[in-house]
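First up is the structure itself, then whatever we jot down about it.
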Amino acid sequence: MSVVASASASLALVKYWGKLRTGVNLPATPSLAISLDGLRTTTRIASETEGAAGDTVRINGTACPAQRFEPMIDRFRRRGGSTSRVTVESTNTFPTAAGLASSSSGFAALAIGLDAFYGTHLSRHELSREARQGSGSACRSVYGGFTAWETAADHAEQIHTADHWPQLRLLIVVLTRTAKPVSSREGMNATAGTSPVYRSWCRESQGIYERARTALDRRDLQALGTAMRESYLFMFSTMFTSRPPLIYWLPESLALIREAEDMRRDGIPVWETMDAGPQVKLLTTHDQVEAVRSRIPSAVPQASVLVSSVGGEPEVRDG
Ligand code: DP6
Numbered sequence: 003m004s005v006v007a008s009a010s011a012s013l014a015l016v017k018y019w020g021k022l023r024t025g026v027n028l029p030a031t032p033s034l035a036i037s038l039d040g041l042r043t044t045t046r047i048a049s050e051t052e053g054a055a056g057d058t059v060r061i062n063g064t065a066c067p068a069q070r071f072e073p074m075i076d077r078f079r080r081r082g083g084s085t086s087r088v089t090v091e092s093t094n095t096f097p098t099a100a101g102l103a104s105s106s107s108g109f110a111a112l113a114i115g116l117d118a119f120y121g122t123h124l125s126r127h128e129l130s131r132e133a134r135q136g137s138g139s140a141c142r143s144v145y146g147g148f149t150a151w152e153t154a155a156d157h158a159e160q161i162h163t164a165d166h167w168p169q170l171r172l173l174i175v176v177l178t179r180t181a182k183p184v185s186s187r188e189g190m191n192a193t194a195g196t197s198p199v200y201r202s203w204c205r206e207s208q209g210i211y212e213r214a215r216t217a218l219d220r221r222d223l224q225a226l227g228t229a230m231r232e233s234y235l236f237m238f239s240t241m242f243t244s245r246p247p248l249i250y251w252l253p254e255s256l257a258l259i260r261e262a263e264d265m266r267r268d269g270i271p272v273w274e275t276m277d278a279g280p281q282v283k284l285l286t287t288h289d290q291v292e293a294v295r296s297r298i299p300s301a302v303p304q305a306s307v308l309v310s311s312v313g314g315e316p317e318v319r320d321g
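Heads up: the sequence shown at position 151 corresponds to 153 in this note's numbering, and the numbers run straight through without jumps.
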């Protein structure tokens, strides 16, 4: 018996950065995200051979310690009334752990696959709750389209399907394929514990979120881009002011931030965001993709660019 599940990465327009102490991965800030059609994790779950001592997990062909995945696998196994051990094989269509949200699609695909494998038939909200316990942002990746995850909420919601704004595009500028030295989890915990501006970040992010959500509802790219920019810059302010400071940026990241500024000055509607890594993501519409793409090499000649639209409903099948 085996199943194959896939889910798309969730890119936050407004960031989740910081956890409440009252539960597992409960967010201290609200987030608003899009599902990236082009960045997908596919996970195959099969029965382990008879008598196997534990579950095995491989990501992009490399064996991983099962501890991070075991609690989720155990919960589904128990709910499904099974004792069957599993082999999990996961592959990403994009660089893992380089600030491209691989944990969001990874844990979402795992939860959806385990649900099918153990026959637990959870609702989308319950799957979101499960995925969250693996990685916070994964609670948004159990849906395609546009999602919201409110402060302290134990699951995310889909607020629009992809057809709400099919013209939106995200250009992901990959500056390095090296895995990041500090995970988002370590980074956000260090920030929450040591940055003197962390409390203002938590306070201000609600207003940023509300402005972004209204802009998204109205398909107002300028207002959405402006709120998105405020969110990531404020998030990074908490990192820069951590003790010790946490700096994910490369010189090339800043070169692109400046180039995006120049493009806006030249009338190209494009806004940038970044996550826990050096890559820069540029939000625009389909008719501007070539204009934006042609300006990237002058700032960063070596970068590779992935263009993604919004979409990415998860899928699951026997396999
Ligand atoms: C910057 O979801 O990877 O991408 O809950 O500890 O697993 P854990 O963190 P994770 O953090 C994502 C942080 C972010 C912003 C976001 O996706 O909202």
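In this text, a Cβ means the ideal position worked out from N, Cα and C, and glycines have one as well.
In this structure, the C-beta of Ala9 stays at least 7 angstroms away from each heavy atom of the ligand DP6. In the three-state reduction of the DSSP assignment, Trp203 falls in the helix class. Residue selection by CB proximity (closer than 5 angstroms to any heavy atom of the ligand DP6) returns Ala14, Lys17, Tyr18, Asn27, Ser33, Ser105, Ser137, Gly138, Ser139, Ser186, Arg187, Asp277 and Ala278 in chain order. Rounded to whole angstroms, the separation of the alpha carbons of Ala14 and Trp203 is 16 angstroms. Within a 10 Å sphere around the beta-carbon of Asn62 sit fewer than 16 other beta-carbons, which makes this residue exposed. The bridge partners DSSP lists for Cys66 are Val59. Here the region 33 to 53 makes contact with the region 139 to 146; the two share three or more CB pairs at distances below 8 angstroms. Look at Pro29 here: in three-state DSSP terms it is strand. Gln304: not part of any beta strand (DSSP E); DSSP gives it neither H nor E.
Residue pairing by DSSP places Ile249 opposite no residue, since no beta bridge is assigned to it. Under DSSP, Thr275 takes part in a beta bridge, and its partners are Lys283. Phe148 is positioned such that its CB atom lies no closer than 8 angstroms to that of Ala133. Straight across, the Cα-Cα distance linking Ala278 with Leu235 is about 12 angstroms.
Contact between Ser311 and Leu170 holds, with the beta-carbon distance rounding to 7 angstroms and staying under 8 angstroms.
As the crow flies, the alpha-carbon of Glu128 is around 35 angstroms from that of Ser244.
Boundaries for His123: no alpha helix (DSSP H) harbours it, and the DSSP string shows neither H nor E there. Excluding five sequence positions before and after Asp57, the CB atoms of its chain that fall closer than 6 angstroms to its own CB belong to Ala68, Ile75, Arg87 and Val88, given in chain order.
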